[in-house]
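Enquirer: Handing you this structure, nothing more for now.
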Amino acid sequence: MNPMRTLRSAGTYAFLGVMAFLSVFPFLWMAFGATNPTTDIVKGKVGFGDALSANAAAFFTQVNVPVVFWNSLKIAILQTLITLLVSSMAGYGFEIFRSRNKERIYNAILLTLMVPFAALMIPLFMMMGKAGLINTHVAVLLPFVGSAFIIFYFRQNTKSFPHELRDAARVDGLKEWQIFFLIYIPVMRSTYAAAFIIIFMTAWNNYLWPLIVLQSNEMKTITLVISSLGSAYYPDYGVVMVGTVIATVPTLFVFFAMQRQFVEGMIGSVK
Amino acid sequence: MSSLASGPAQRRRFDINGWLFVAPALTLIAIFMIFPILQSFWMSFQQGRGMNMTFAGYGNLVKLWNDPLFIQALSNTFIFFLIQVPIMLTLALVMAAVLNNPAIRFRGLFRTAIFLPCVTSLVAYSVLFKSMFVTDGIVNSTLETIGLISDPIPWMTDPFWCRTMIIIAITWRWTGYNMIFYLAAMQNIDKSVYEAARIDGVPSIGRFAFLTVPMLKPVILFTTVTSTIGTLQLFDEVANITGGGSAGGAAGPSNSALTLSLYIYNLTFKFMPSFGYAALVSYVIVFLVAILAFIQFYLARESDR
Numbered sequence: 095m096n097p098m099r100t101l102r103s104a105g106t107y108a109f110l111g112v113m114a115f116l117s118v119f120p121f122l123w124m125a126f127g128a129t130n131p132t133t134d135i136v137k138g139k140v141g142f143g144d145a146l147s148a149n150a151a152a153f154f155t156q157v158n159v160p161v162v163f164w165n166s167l168k169i170a171i172l173q174t175l176i177t178l179l180v181s182s183m184a185g186y187g188f189e190i191f192r193s194r195n196k197e198r199i200y201n202a203i204l205l206t207l208m209v210p211f212a213a214l215m216i217p218l219f220m221m222m223g224k225a226g227l228i229n230t231h232v233a234v235l236l237p238f239v240g241s242a243f244i245i246f247y248f249r250q251n252t253k254s255f256p257h258e259l260r261d262a263a264r265v266d267g268l269k270e271w272q273i274f275f276l277i278y279i280p281v282m283r284s285t286y287a288a289a290f291i292i293i294f295m296t297a298w299n300n301y302l303w304p305l306i307v308l309q310s311n312e313m314k315t316i317t318l319v320i321s322s323l324g325s326a327y328y329p330d331y332g333v334v335m336v337g338t339v340i341a342t343v344p345t346l347f348v349f350f351a352m353q354r355q356f357v358e359g360m361i362g363s364v365k
Numbered sequence: 002m003s004s005l006a007s008g009p010a011q012r013r014r015f016d017i018n019g020w021l022f023v024a025p026a027l028t029l030i031a032i033f034m035i036f037p038i039l040q041s042f043w044m045s046f047q048q049g050r051g052m053n054m055t056f057a058g059y060g061n062l063v064k065l066w067n068d069p070l071f072i073q074a075l076s077n078t079f080i081f082f083l084i085q086v087p088i089m090l091t092l093a094l095v096m097a098a099v100l101n102n103p104a105i106r107f108r109g110l111f112r113t114a115i116f117l118p119c120v121t122s123l124v125a126y127s128v129l130f131k132s133m134f135v136t137d138g139i140v141n142s143t144l145e146t147i148g149l150i151s152d153p154i155p156w157m158t159d160p161f162w163c164r165t166m167i168i169i170a171i172t173w174r175w176t177g178y179n180m181i182f183y184l185a186a187m188q189n190i191d192k193s194v195y196e197a198a199r200i201d202g203v204p205s206i207g208r209f210a211f212l213t214v215p216m217l218k219p220v221i222l223f224t225t226v227t228s229t230i231g232t233l234q235l236f237d238e239v240a241n242i243t244g245g246g247s248a249g250g251a252a253g254p255s256n257s258a259l260t261l262s263l264y265i266y267n268l269t270f271k272f273m274p275s276f277g278y279a280a281l282v283s284y285v286i287v288f289l290v291a292i293l294a295f296i297q298f299y300l301a302r303e304s305d306r
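As given, the protein sequences belong to chains A and B, one line each in that order.
Add 94 to the 1-based position in the first sequence for this note's numbering, that's all there is to it.
Add 1 to the 1-based position in the second sequence for this note's numbering, that's all there is to it.
Shown next as structure tokens:
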């Protein structure tokens, strides 16, 4: 091997190594932080400490962890399931039952992807106020279940749903809704798995809208709790880190358990 | 299209079935998307406190023009957009090109590590970064140890460094995300084109600039548009790193990290609520997203010729 090439490949690995280290370090920092007292964290101590139980005890007394965790989980799962049902039906409908008017509406829906949430939140907040839904979990998830992005995602993926299956089912006398629920959903399960992850992650991590809608402590999500603990003038970082660990572990778990579907879901829509 | 729906009666049933499938989603989108957009537009012509509003014509526009905080938020948002998006996308493209080389060992491991930040919630990582950038924190002490700086950098109190910190944070969170799109697109490029270029003696940097980048143009456009929309909507990070979201907190030193979304939030829920004016500011974002997306599509089309 010539020295020039060795040097270049060493440079490549050094670059990748530094990038990978920088990407992973904050996760380590979070783990270190949960085990150190705040005085050590703000001095930049690297390494594990012995304050984990003290931090965890403080976190669990300041925050009603089971309730908050359950709130997050409940909202994320309900939002995911309802979005999957409603938006996959629409994606399927737009692709299979094409007509000129539906195409027009579909294109209009795609345009709404460019509308920032900030432009919607004030009317949505007033609407929820009139409906008496402020400080409810329904108000948190309802605006997102008709998702233009997920409709788009399912329409793209429906293109690969085999026509013969549909035709055969119709010859056998199945109704349209039966074809969708008994054939389409089972056949497209990997598409559903990928979409599940994407929606679950957005719902679990949602911040701005729950911040506006949820007002009492017993309704709040883990994301809101971390934000309010972290925004103190002198935050007790050791305690907050326990919270970030609790909020991050479920998503890390989902990521490592379903890495392939995760990445597929992300890029599947632009294939 | 179904080959079985031939007669007019069947054609109608086919159509009705289709509408039934899309109806629930359409209803929800009409209520929670279309209606708020229109109402927001109507509200932007109104002034008043809370729910008591009166028609003010272009009064809000005059106020907007003379509002120093709005100008500040607008220019901050542009600074983040113009500096952060190119840095992040270039970095993502370079890393994707490096990782696309099958001769690299531990590719999967590197890819997973670099992708990992997108798994975190925006709030959680913001708090982590806030703790890393405190005056005597890990970032400053590391920079001092390796001799890059002699005095701690005032990340939280100097406008320039505060913006730099936000840019570093966002770049950490989103580079791997964009890299995955580039990697996926690179894997679809025909290998023989590269082989031909290599045999013709085109160096790897030339192959990257003149083969990879042009062929990735649709994906680059896609990531540019999504990153643009994301940056214009920047909220979670600035609210949680600089304390701009908490009651009474300013968004960084002299509001150097105040973004449009954060300003809208403050106008609506923190200061004396002025919904009409906030709605107008939100339409500024809609307008900017539309213009920038149009420019990006236009540029992509122009360079195709």
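Every residue gets a Cβ at the ideal spot worked out from N, C-alpha and C, and that includes glycine.
Source: prediction; values computed, not measured.
Classify ARG112 of chain B as buried or exposed, calling it buried when 16 or more other Cβ atoms lie within 10 Å of its own Cβ.
Expert: Taking the first residue of the second sequence as position 1, residue 112 of chain B is located at position 111. Flag for ARG112 of chain B reads buried.
Enquirer: Provide the residue(s) that pair with THR269 of chain B in DSSP beta bridges, ordered along the chain.
Expert: For the purposes of this step, residue 269 of chain B is identified with residue 268 of the second sequence, where counting begins at 1. DSSP lists no partner for THR269 of chain B.
Enquirer: Among all the DSSP beta bridges, which residues are the ones paired with THR55 of chain B?
Expert: Within the second sequence, residue 55 of chain B is the residue found at index 54, counting from 1. Per DSSP, B:GLN48.
Enquirer: In chain order, which beta strand (DSSP E) runs of at least 3 residues are fully inside the segment 184–210 of chain A?
Expert: For the segment 184–210 of chain A, not a single whole beta strand (DSSP E) run of length 3 or above is found.
Enquirer: Would you decide whether TRP156 of chain B is buried or exposed? Buried here means 16 or more other CB atoms lie within 10 Å of its CB.
Expert: One-based indexing of the second sequence puts residue 156 of chain B at position 155. With a threshold of 16 other beta carbon atoms within 10 Å, TRP156 of chain B meets it and is buried.
Enquirer: Rounded C-beta distance between PRO254 of chain B and PRO160 of chain B? I'm assuming under 8 angstroms.
Expert: Along the second sequence, one-based indexing puts residue 254 of chain B at 253. Along the second sequence, one-based indexing puts residue 160 of chain B at 159. 5 angstroms between Cβ atoms; contact.
Enquirer: Use the C-beta contact count for VAL336 of chain A: other C-beta atoms within 10 angstroms, 16 or more gives buried, fewer gives exposed.
Expert: Here residue 336 of chain A refers to the residue found at position 242 of the first sequence. Under this definition VAL336 of chain A is a buried residue.
Enquirer: Between VAL319 of chain A and the rest of its own chain, which residues show a CB-CB distance below 8 angstroms, the 5 nearest in sequence each way excluded?
Expert: As a working mapping, residue 319 of chain A is identified with position 225 in the first sequence. Excluding residues up to 5 positions away in sequence, VAL157, VAL162, GLY337 lie with their Cβ nearer than 8 angstroms to the Cβ of VAL319 of chain A in the same chain.
Enquirer: Could you check what DSSP says for TRP162 of chain B in three-state terms: helix, strand or coil?
Expert: As a first step, residue 162 of chain B must be located in the second sequence, where it is residue number 161. TRP162 of chain B: helix per DSSP, three-state reduction.
Enquirer: Applying the 10 Å Cβ sphere with the 16-neighbour rule, what's the burial state of MET89 of chain B?
Expert: In the second sequence, residue 89 of chain B corresponds to position 88, counting from 1. MET89 of chain B is buried by the Cβ-count criterion.
Enquirer: Using a Cβ cut-off of 7 angstroms (strictly closer), state whether ILE292 of chain A contacts chain B.
Expert: Taking the first residue of the first sequence as 1, we reach residue 292 of chain A at position 198. Cβ-Cβ to chain B under 7 angstroms: no for ILE292 of chain A.
Enquirer: 7 angstroms is my cut-off, CB to CB: does PRO210 of chain A come that close to chain B?
Expert: Numbered from its first residue, the first sequence carries residue 210 of chain A at position 116. Chain B, which has a Cβ nearer than 7 angstroms to the Cβ of PRO210 of chain A, makes this yes.
Enquirer: Should VAL239 of chain A go down as buried or exposed, given a rule of 16 or more other Cβ atoms within 10 Å for buried?
Expert: Numbered from 1 along the first sequence, position 145 holds the residue referred to as residue 239 of chain A. The residue in question, VAL239 of chain A, is buried, as its Cβ has 16 or more Cβ neighbours within 10 Å.
Enquirer: Counting contacts by CB-CB distance shorter than 7 angstroms, is ASN67 of chain B in contact with chain A?
Expert: As a working mapping, residue 67 of chain B is identified with position 66 in the second sequence. For ASN67 of chain B, the answer is no, since every Cβ of chain A falls outside 7 angstroms of its Cβ.
Enquirer: Would you say ASN241 of chain B reaches chain A, if we count a Cβ-Cβ gap shorter than 7 angstroms as a contact?
Expert: Within the second sequence, residue 241 of chain B is the residue found at index 240, counting from 1. Yes, ASN241 of chain B counts as interfacial toward chain A.
Enquirer: For ILE150 of chain B and VAL140 of chain B, what's the separation of their Cα atoms in angstroms?
Expert: For this step, residue 150 of chain B is matched to residue 149 along the second sequence. For this step, residue 140 of chain B is matched to residue 139 along the second sequence. Rounded to the nearest whole angstrom, the CA to CA distance from ILE150 of chain B to VAL140 of chain B is 11 angstroms.
Enquirer: Put ASN18 of chain B into one of helix, strand or coil per three-state DSSP.
Expert: Against the second sequence, residue 18 of chain B aligns to sequence position 17. DSSP places ASN18 of chain B in helix when its eight states are reduced to three.
Enquirer: Would the segment 110–126 of chain A count as touching the segment 269–283 of chain A if we require 3 or more Cβ pairs under 8 angstroms?
Expert: Proximity of the segment 110–126 of chain A to the segment 269–283 of chain A falls short of the contact definition, fewer than three beta-carbon pairs being nearer than 8 angstroms.
Enquirer: For ASP159 of chain B, would you say it is in contact with chain A, using Cβ-to-Cβ distances shorter than 7 angstroms as the test?
Expert: Indexing the second sequence from 1 puts residue 159 of chain B at position 158. No, ASP159 of chain B lies away from the interface with chain A (no Cβ there is under 7 angstroms from its Cβ).
Enquirer: Tell me which residues of the segment 264–291 of chain A have at least one Cβ-Cβ distance to chain B shorter than 9 angstroms, keeping chain order.
Expert: Those would be ARG264, VAL265, LYS269, GLU270, TRP271, PHE274, in chain order.
Enquirer: Let me see if you follow: with CB-CB separation under 7 angstroms, is ASP16 of chain B close to chain A or not?
Expert: Along the second sequence, read from residue 1 onward, the residue named residue 16 of chain B stands at position 15. Put simply, the CB of ASP16 of chain B is near chain A, with a gap under 7 angstroms to one of its CB atoms.
Enquirer: For the segment 164–183 of chain B against the segment 62–71 of chain B, are there 3 or more C-beta pairs whose distance is under 8 angstroms?
Expert: By the Cβ criterion, the segment 164–183 of chain B is not in contact with the segment 62–71 of chain B, since fewer than three pairs of Cβ atoms, one from each stretch, lie closer than 8 angstroms.
Enquirer: What residues in its chain sit with their C-beta under 6 angstroms from that of PHE33 of chain B, if we drop five residues either side in the sequence?
Expert: Translated into the one-based positions of the second sequence, residue 33 of chain B becomes position 32. Nothing listed; no residue qualifies.
Enquirer: By the three-class DSSP mapping on this structure, what secondary structure does MET215 of chain A have?
Expert: Indexing the first sequence from 1 puts residue 215 of chain A at position 121. In this structure, MET215 of chain A counts as helix in the three-state DSSP scheme.
Enquirer: Contact check, TRP303 of chain A vs ALA170 of chain A under 8 angstroms by CB: the rounded distance?
Expert: Along the first sequence, read from residue 1 onward, the residue named residue 303 of chain A stands at position 209. Along the first sequence, read from residue 1 onward, the residue named residue 170 of chain A stands at position 76. Contact doesn't hold; Cβ gap of about 13 angstroms is too wide.
Enquirer: If contacts are defined as beta-carbon pairs under 8 angstroms, then ILE245 of chain A and ALA288 of chain A qualify, I think. What distance do you get, rounded to the angstrom?
Expert: Counting from 1 along the first sequence, the entry for residue 245 of chain A is found at position 151. Counting from 1 along the first sequence, the entry for residue 288 of chain A is found at position 194. Actually they are not in contact, since the Cβ atoms of ILE245 of chain A and ALA288 of chain A sit about 15 angstroms apart, beyond 8 angstroms.
Enquirer: If we define contact as Cβ-Cβ less than 7 angstroms, is ASN201 of chain A a contact residue for chain B?
Expert: Locating residue 201 of chain A in the first sequence gives position 107, counting from the first residue. Output row for ASN201 of chain A: interface = no.
Enquirer: Going by beta-carbon coordinates alone, are PHE356 of chain A and ILE291 of chain A separated by less than 7 angstroms?
Expert: Here the question's residue 356 of chain A lines up with position 262 in the first sequence. Here the question's residue 291 of chain A lines up with position 197 in the first sequence. Annotated as proximal: PHE356 of chain A and ILE291 of chain A, with beta-carbon spacing under 7 angstroms.
Enquirer: Assuming VAL124 of chain B contacts THR155 of chain A (C-beta within less than 8 angstroms), just tell me the rounded distance between them.
Expert: For this step, residue 124 of chain B is matched to residue 123 along the second sequence. For this step, residue 155 of chain A is matched to residue 61 along the first sequence. Incorrect: roughly 21 angstroms between the Cβ atoms, too far for contact.
Enquirer: Measuring only the C-alpha atoms, how far is ASN101 of chain B from MET180 of chain B?
Expert: If you number the second sequence from 1, residue 101 of chain B lands on position 100. If you number the second sequence from 1, residue 180 of chain B lands on position 179. If you take the alpha carbons of ASN101 of chain B and MET180 of chain B, they lie about 11 angstroms apart.
Enquirer: By DSSP, does GLN309 of chain A sit in helix, in strand, or in coil?
Expert: Here residue 309 of chain A refers to the residue found at position 215 when the first sequence is read from its first residue. GLN309 of chain A falls in the coil class under three-state DSSP.
Enquirer: Measure from the C-beta of THR345 of chain A to each C-beta in chain B and report whether the shortest distance is under 7 angstroms.
Expert: The sequence position of residue 345 of chain A within the first sequence is 251, counting from 1. Chain B, which has a Cβ nearer than 7 angstroms to the Cβ of THR345 of chain A, makes this yes.
Enquirer: Under 7 angstroms, Cβ to Cβ, is there at least one residue of chain B near VAL307 of chain A?
Expert: Residue 307 of chain A sits at position 213 when you count from the first residue of the first sequence. Not an interface residue.
Enquirer: Where does TYR301 of chain A sit, in a helix, a strand or coil, going by DSSP?
Expert: Locating residue 301 of chain A in the first sequence gives position 207, counting from the first residue. In this structure, TYR301 of chain A counts as coil in the three-state DSSP scheme.
Enquirer: My guess is that VAL290 of chain B and ILE230 of chain B are in contact by the Cβ rule of under 8 angstroms, so how many angstroms apart are they, rounded?
Expert: In the second sequence, the residue the question calls residue 290 of chain B occupies position 289. In the second sequence, the residue the question calls residue 230 of chain B occupies position 229. Confirmed, about 6 angstroms.
Enquirer: Are any of the Cβ atoms in chain A nearer than 7 angstroms to that of THR165 of chain B?
Expert: On the second sequence, position 164 is the one that residue 165 of chain B refers to. So, not an interface residue.
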